[in-house]
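Below is one structure; the comments refer to it alone.
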Amino acid sequence: MQYEKNSLGHPRGDFLASRHDKLGWGVKKQGRSLWTRNAVKGISVRGESRKREGRIEWRKWDPTRSKVAAALIRTSGDPSFLLPDPGSNCLYLGASIGGTVSHIHDIVCGADNHHGGQIVAVEISPRMVRDLASLSDSRSGLVPVMADARRPEEVAPFLSSKVDWIHQDLSIADQAETFLKICLSFLSPGGKSLLSLKAASERSSDGDDKSRFNKAERTLNESDLRLIERIDLRGMEEQHVLFVCEFNPTS
Amino acid sequence: MKIHFDWRLARVVDDNCEVVDEIEWDGRITPSTIARRLGKIQSGRLLPEVSTLVERFPDAEIDKMGAINDPDWPQHDDEKDVFQMATVELAKMKVADSSGDIDRRLDMLVSSAVELRASWTTSEARCVEWAGLFITEADLDLQRSAIPRAIADSSKISDASDKLGVSPPKHEPSELEWNSMRSQAQFVVDTSSMLNQQEDAIREMASSHVPSLSALLGPISAAKLVVLAGGRERLARMPSGSLQVLGAHAAMSAHRRGAPPPKHGAVLFSMPQISRSPRWVRGKIARFLAGKASIAVRVDHFEGDPWSKKQVDEINKEINAIREKFPRPPKR
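Here the protein sequences line up with chains X and P, keeping their order.
For the first sequence, our numbering gives the first residue as 176, with consecutive numbering after it.
For the second sequence, our numbering gives the first residue as 4, with consecutive numbering after it.
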């Protein structure tokens, strides 16, 4: 198969051609909408629509409410690269009430966790953890953790090994530095990590949105992570950019 | 030598990654027991197995990230489900614990009181105007505070005008109209007693949570500052310049775009030392008071001896000195 290269040198797949393709197990794109295979049939996490296809139930993944879904639509590379594999070990920082987490759980664990995956969802606010914990009641493999994501030692007790996939979505200053610290502590070699960077959370002394994004990009480029793509989420999530990274400690 | 551990196993590993000693937890594996152990690790306390290994190998260093970094660390796939249930239980325990956080409770109380006051102000003004439309002889300034009660406690409008000591209205409201008016007045009366109740609760909570700051600024203002800062700790770690402009968000963001800086935020301005001072010393007094308030909240947060009235009087004396030093506005 022929690949073009995008601006960062990553192979560029023709996303339109694979419009009806699955993006890997348990996810598909149909027309303009994304769906994940519902692990808990008959239940919507935050009022999203569901549809039946034989024995399978699909749950709509709204890209205006989930940065990962928005990135899947906006990426110029192979969208399935952004997602974790079924049965893998994942870490999600800034889980909130677990909207996006539930879709990742659909993919990684599936119904009754038949894939044997795990997703550790970290959230600092008790109000959010309250909802996250009740979501976890019905989703085995989803581990809710009330902790400060900036302190790896508060998260470490819940992981038995390094993880294959990390998504960080925190509203704090120095998001890129925190992301690096987290990835170096928890990401396994060859693992993938996504950083949703919210410009409004960075310090106002760092200049306008663009220079805040550029500063984060520099930080990632100077690190052991390999920056693969920078995805602008404008139109779905304002003032946000999602960075896609891979961890190759030897290179 | 290092000690690596997780909730079920603790190990001493030497510099060549050889296992020197290990203790496996032999307790009963249930969600609750695991949750308790996880909570213990998360809050930085040592599990008994780890303490035993520390006693056996005093030179060994405890590595909290050790188990994750160790590729040979045993995995327990058969316990995944019970582990997951334990994490849910722990998360629920920690959520339940958050009601022990005084900052959160103060936030609810202060926010509720602020909203209630806003609602009371509009409703009270409407009630007085409504009554004034009918009872034209009542003095809306001097009798203002008596009006809602008088309306609420009367069965018809002429009773209300009797209570206010003036002649009855020329036109009477219809029955439904009068009932609406009366229940609106009742709402104003109820809201003011609710507001008093909530402010009493704030006073009590602030006086014990931030005693020195309460002594300096009054408990209500002290509580508002704590809530605006997002907690006592954050207020204590805040530079006094930030404390000075708490509650002046609009003015601060205008300042970032080039406007002159605000002299003080809403909370400090509500202090008579500032709002009753001539405008040319307000900034100086606000800076001085913010500095003192900043020290006061640090005393409270880092467990110092709470300030007494004597210290507060001293500060007020200095504020007067600043005011007397600048009796006239600066020349332009």
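All C-beta atoms, glycine included, are put in the ideal place defined by N, C-alpha and C.
In the same chain as residue 77 (chain P), and ignoring 5 residues on each side of it, the C-beta atoms closer than 8 Å to its own belong to 12, in chain order.
Non-local beta-carbon contacts of residue 275 (chain X) in its own chain, meaning distances under 6 Å to residues more than five positions away in sequence, involve 241, 243 in chain order. Within 7 Å of the CB of residue 305 (chain X), the CB atoms of chain P belong to 98, in sequence order along the chain.
With a threshold of 8 Å between beta carbons, residue 270 (chain P) makes no contact with chain X.
Taking 8 Å as the upper bound for CB-CB distance, residue 343 (chain X) and residue 377 (chain X) are not in contact here, some 14 Å apart. Under the DSSP assignment, residue 87 (chain P) falls in the alpha helix (DSSP H) whose first and last residues are 83 to 100. Against chain P, a Cβ distance below 7 Å from residue 318 (chain X) picks out 87, 90. Taken through DSSP and simplified to helix, strand or coil, residue 407 (chain X) comes out as strand. The criterion of a C-beta distance shorter than 8 Å is not satisfied by residue 391 (chain X) and residue 408 (chain X).
By the Cβ rule, the segment 104 to 117 of chain P does not count as touching the segment 325 to 333 of chain X, because fewer than three pairs are nearer than 8 Å.
Residue 166 (chain P) and residue 150 (chain P) have their C-alpha atoms spaced approximately 9 Å apart.
At least one CB atom of chain P sits nearer than 8 Å to the CB of residue 337 (chain X).
For residue 370 (chain X), the enclosing beta strand (DSSP E) starts and ends at 362 to 373.
The segment 200 to 220 of chain P makes no contact with the segment 87 to 99 of chain P, as fewer than three CB pairs between them are under 8 Å. Distance from residue 105 (chain P) to residue 212 (chain P) at the Cβ level is roughly 5 Å; contact confirmed, criterion being Cβ atoms closer than 8 Å. Fully contained in the segment 6 to 40 of chain P are the following beta strand (DSSP E) runs of length 3 or more, in chain order: 12 to 16, 22 to 27. Within the segment 371 to 392 of chain X, the residues whose Cβ lies closer than 7 Å to some Cβ of chain P are 379, listed in chain order. Interface annotation, residue 101 (chain P): in contact with chain X, CB-CB separation under 8 Å. According to the DSSP secondary-structure assignment, residue 415 (chain X) is paired through a beta bridge with X:373. Per DSSP, residue 342 (chain X) lies in no alpha helix (DSSP H); the unbroken beta strand (DSSP E) holding it starts and ends at 338 to 343. Chain P places no beta carbon closer than 8 Å to that of residue 354 (chain X), leaving this residue out of the contacts. Measuring C-alpha to C-alpha distances from residue 88 (chain P) to each of P:39, P:74, P:70 identifies P:39 as the nearest.
Residue 383 (chain X) has its alpha-carbon roughly 33 Å from the corresponding atom of residue 339 (chain X).
In its chain, beyond the 5 residues on either side, 283, 292, 339, 340 have a beta carbon closer than 7 Å to the beta carbon of residue 263 (chain X). Residue 248 (chain X) has its alpha-carbon roughly 48 Å from the corresponding atom of residue 31 (chain P).
Taken through DSSP and simplified to helix, strand or coil, residue 203 (chain X) comes out as strand. Nearest CB-CB separation between residue 228 (chain X) and chain P: not below the 8 Å threshold.
Looking at the backbone, the Cα of residue 248 (chain P) and that of residue 334 (chain P) are separated by about 26 Å. Close to residue 41 (chain P), with beta-carbon spacing below 8 Å, are these residues of chain X in chain order: 332, 333. Taking residue 322 (chain X) as the centre and dropping the five residues before and after it, the same chain places the C-beta of 297, 329, 330 closer than 6 Å to its C-beta, in chain order. The segment 242 to 309 of chain X contains, as complete alpha helix (DSSP H) runs of 4+ residues, the segments 242 to 249, 274 to 283 (chain order).
By the Cβ test, the segment 353 to 373 of chain X is in contact with the segment 403 to 422 of chain X, since at least three Cβ pairs between them sit closer than 8 Å.
DSSP, reduced to helix, strand and coil, places residue 234 (chain X) within a strand of the structure shown. At a beta-carbon threshold of 8 Å, none of the residues of chain P lie near residue 418 (chain X); the nearest stands roughly 23 Å away. Counting other Cβ atoms within 10 Å of its Cβ, residue 86 (chain P) reaches 16 or more and is therefore classed as buried.
By the criterion of at least three beta-carbon pairs nearer than 8 Å, the segment 297 to 310 of chain P is not in contact with the segment 257 to 270 of chain P.
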